Amino acid sequence: MSMLSQPARRALRAAAFVPLLALAAISVAACGGSDDEGEPLDLTILHVNDHHSRLDAESVNLRVTTAAGTRESVTFPLGGFARVAQAIDDLSAGRANVLKLHAGDAITGDLYYTITNGRADADLMNTVCFDAFTLGNHEFDSGDAGLKTFLDFLRTGSCRTPVLSANVRPRVGTSPLTPTSATDYIRPSVVVQRGNENVAIIGLTVSGKTRNSSRPDVTTEFLAETATAQAQIDGLLAGGANKIVLLTHQGYSADLAMARALRGVDVIVGGDSHTLLGPASLSTFGVTTQDVYPARVTNADGDPVCVVQAWQYSWAVGELRVKFDRRGRVESCEGRPHILLGAPTRRSAAGTAALSDADRTAITADLAAEPSLRTTGEAPRAVNALTGFAQQKAAFGANVVGSAATNLCLRRVPGSKRDITRSVFGECNSGAFTNAHGGDMQQIVAQAFLEQGRTFGGVDIALQNAGGVRTDLTAGAVTVGNIYTVLPFRNTLVRLTLTGAQVKQTLEDAITFVLTSAGNSGAYPYGASIRWSVDLNQPANNRFSNIEVKTAAGAWVALSPTATYRVITNDFLAAGQDGWVTLRGITGSLREDTFLDYADSFLRYTQARGTLTRLPQSEYSTQSFTDTP
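My numbering numbers the first residue of the sequence shown as 43 and each following residue consecutively.
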């Protein structure tokens, strides 16, 4: 490590990058020059990420101690944006220096987006009035024009939340997102004053995943994340801000790697991977965490960096408390996630469901011992803002179209180490069957595609990406609203004619993308009328084996490299997105857009069966899965 003092190191970096002042100046608010040393600062960062239009409270089963003195599964209301707003109010109270941050993927994932094009999300976000919001990959699901619509809604009212992404470059004169004299849709960074100190916030959006797994305009550029971040940091340090917060949407593992690679960074507040950080003690209640909150690593200067993320779906608010010394160096960081709960409603198991007063007293005491489980009310202003939208959603989605016999699990990648915190059901995150074969929901959706394709023109195989399926299904009634929450995107089904060799290569493309694209677990493949074994320890293009297809007579036979197969998939994957690049080359008479709505296929499947159940194990596309050590 250099023997230079921290102020000297930062001054040296600032001097080396003075030409980058102009890059930062356009996004600086309330920023003046300062000496290398200022005043100590205690900063509280309250943050959310990946709420995906999930504005309503949901439910969760937790193992809590009841009056009997034993742990039982009890159902609680979970999250909802009105609880997010109230928690941020409560956690801000009495604190002088607070930052409220949203790390992206605000939209797509629920009927609220389907019916309002982001207006409901924007109105609820404005009840919090975030100090900054960074763009996630799903902000581009409806192209630059769809993002503009959402950002116009977000700009309504007095909040005017800065929208950040330093590495997103819409083409001037082509994209509707380019700045004009009247608007500035996307800024690289913003500098805010807390106390007498300048705090710089830099936005970053995952580049490859957004290009390949969303639908930005083809002319919109996505620059390399780490190089862009360093250029921004250097310019802002030169401009007098010596406290640097990165607000990223690129995934937890990418955040950790970036923290170690950069000079000058102090805090990273992230999103994209839906990672729950927190104490291991949450496992007592049936909640799985992936790492501690906050994670602490060392940057390229040898200085501390605090890295945090706050799970998903309006279920949690992160609270990070950072102490900076007068030189802008992190002295300490502490905090926790706040998983937002309402009052317990009932025992989860069949039988006597009611909770007595004594049960509630015991449960309250049990929760008090785990401060990451926070009982929180709903902010009235947020409830009021949501009411009209909730009425629209209820009218649209209330029709019951079937039922689920059991809880049906969401899981992207099998195994016990990748993407294991997305399900609201604890058994789905750790269950042996899910670890071996993957998500029930992804498998059922692939089957629905297959049957829709067979009805309209005929197909042999269906393929679907894990990330296109967004939620679990709870046992009980299944409504139109549930269907469109599971499959919220505006996709159609495409029929492709592939050789067996091309089918295998498509699967290999997908798994390579999972392993090499900043943890993009959403690319993992699921199929119907096709099954395989996966070994992630094998070299690229050799990870799939024992690939079999099901004949019309119901027999499983080996995939023939030279035979041709009619494959139904969604138009997103057919365009080569999510790393499924082989499909992009299937053109001409070998490609047919059926123009069948992909969510409608699941709706018809549900209506035809009446009751949804887990498919037989023999039908699961992943028959065996070997993870890396």
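Heads up, the beta-carbon is just placed ideally off N, CA and C, and yes, glycines get one too. Model, not experiment: these values are computed from the prediction.
> Can you tell me whether Val501 is buried or exposed, with buried defined as 16 or more other CB within 10 angstroms of its CB?
Replying inline: buried
>> Contact between the stretch 246 to 253 and the stretch 215 to 222 is defined here as three or more beta-carbon pairs at a separation below 8 Å; is this criterion met?
In response: no
>> Once the 5 residues before and after Ser559 are set aside, which same chain residues still bring their CB inside 8 Å of it?
In response: Gly250, Lys251, Asn254, Ala565 and Gly621.
>> Going by DSSP in three states, Tyr566 sits in which element: helix, strand or coil?
In response: coil
> Residue ranges of each alpha helix (DSSP H) run of no fewer than 4 residues wholly in the stretch 131 to 183, ordered along the chain?
Replying inline: 153 to 158 and 161 to 170
>> So, at 7 Å on beta carbons, what are the nonlocal neighbours of Glu376 in its own chain, with the 5 sequence-adjacent residues on each side left out?
In response: In its chain, beyond the 5 residues on either side, Arg363 have a beta carbon closer than 7 Å to the beta carbon of Glu376.
> Quick one, are the C-beta atoms of Glu420 and Arg125 less than 7 Å apart?
Replying inline: yes
> Touch check for the stretch 632 to 642 and the stretch 569 to 585: three-plus C-beta pairs under 8 Å?
Replying inline: no
> My guess is that Tyr355 and His94 are in contact by the Cβ rule of under 8 Å, so how many angstroms apart are they, rounded?
Replying inline: 6 Å
>> What does the Cβ neighbour count give for Thr476, buried or exposed, with the cut at 16 atoms within 10 Å?
In response: buried
> Just how far apart, CA to CA, sit Ala64 and Ala208?
Replying inline: With a pLDDT of 34 at Ala64, under the threshold of 50, the modelled position of that residue is not reliable, and no figure is offered here.
> In terms of residues, what are the limits of the alpha helix (DSSP H) holding Thr648?
Replying inline: Tyr640 to Arg651
>> Short of 6 Å in beta carbon distance, which residues of its chain neighbour Thr734, apart from the five on each side in sequence? Order them along the chain.
In response: With the chain running from 43 to 671 in the structure shown, residue 734 is simply not present.
> What does a CB cutoff of less than 6 Å around Gly306 pick up in its chain, not counting 5 residues either side in sequence?
Replying inline: Ile275, Leu279 and Ile286
> I think Leu97 touches Leu428, with their Cβ atoms under 8 Å apart; what is that distance to the nearest whole Å?
Replying inline: 6 Å
>> Taking 7 Å as the threshold (C-beta atoms), are Tyr335 and Pro386 in contact?
In response: no
>> Assuming Glu420 is part of the alpha helix (DSSP H), what are its boundary residues?
In response: In the DSSP annotation of this structure, Glu420 is not part of any alpha helix (DSSP H), being labelled neither H nor E.
> Looking at the structure shown, is Asn507 part of a helix, part of a strand, or coil, going by DSSP?
Replying inline: strand
> Whose CA, out of Val455, Val609, Arg371 and Val511, lies closest to the CA of Glu493?
Replying inline: Checking every option, the nearest Cα to that of Glu493 belongs to Val609.
> First and last residue of the beta strand (DSSP E) that includes Asn441?
Replying inline: No beta strand (DSSP E) holds Asn441; DSSP gives it neither H nor E.
> What residues in its chain sit with their C-beta under 7 Å from that of Pro346, if we drop five residues either side in the sequence?
Replying inline: Arg338, Thr340 and Val372
>> Going by DSSP, what residue range makes up the beta strand (DSSP E) through Ala337?
In response: Ala337 to Thr340
> Expressed to the nearest angstrom, what Euclidean distance is found between the alpha-carbon atoms of Ile589 and Ile628?
Replying inline: For Ile589 and Ile628, the distance between alpha carbons rounds to 21 Å.
> Helix, strand or coil for Thr262 per DSSP?
Replying inline: coil
>> With three or more beta-carbon pairs closer than 8 Å as the criterion, would you say the stretch 533 to 541 touches the stretch 430 to 446?
In response: no
> Hey, Ala127 and Thr169: beta-carbon distance below 7 Å or not?
Replying inline: Yes; because the gap between Cβ atoms is below 7 Å, this pair is in contact.
> What does Ile244 pair with, by DSSP beta-bridge criteria?
Replying inline: Ser231 and Leu288
> Which residue from Met300, Asp401, Gln351 and Gln485 puts its Cα closest to that of Tyr320?
Replying inline: Sequence check: residue 320 is Gly here, not Tyr. Nearest option by C-alpha distance: Gln351.
>> Whole angstroms are fine: how far does the CA of Asn91 sit from the CA of Leu382?
In response: Their Cα atoms are separated by approximately 14 Å.
> Nearest-angstrom Cα distance between Gly146 and Leu324?
Replying inline: Roughly 25 Å between the two C-alpha positions.
>> Helix, strand or coil for His479? Go by DSSP, reduced to three states.
In response: The answer is helix: DSSP assigns His479 an H, G or I state.
> What's the gap between the Cα of Ala391 and the Cα of Thr527?
Replying inline: 26 Å
>> Per the DSSP calculation, Cys348 is bridged to which residue(s)?
In response: According to DSSP, Cys348 shares a beta bridge with Val309 and Arg338.
>> Mapping the DSSP letters down to three states, classify Asp635 as helix, strand or coil.
In response: strand
>> If the criterion is Cβ atoms closer than 7 Å, does the pair Asp297 and Gly312 meet it?
In response: yes
> What are the residues that DSSP puts in a beta bridge with Thr668?
Replying inline: Asp577
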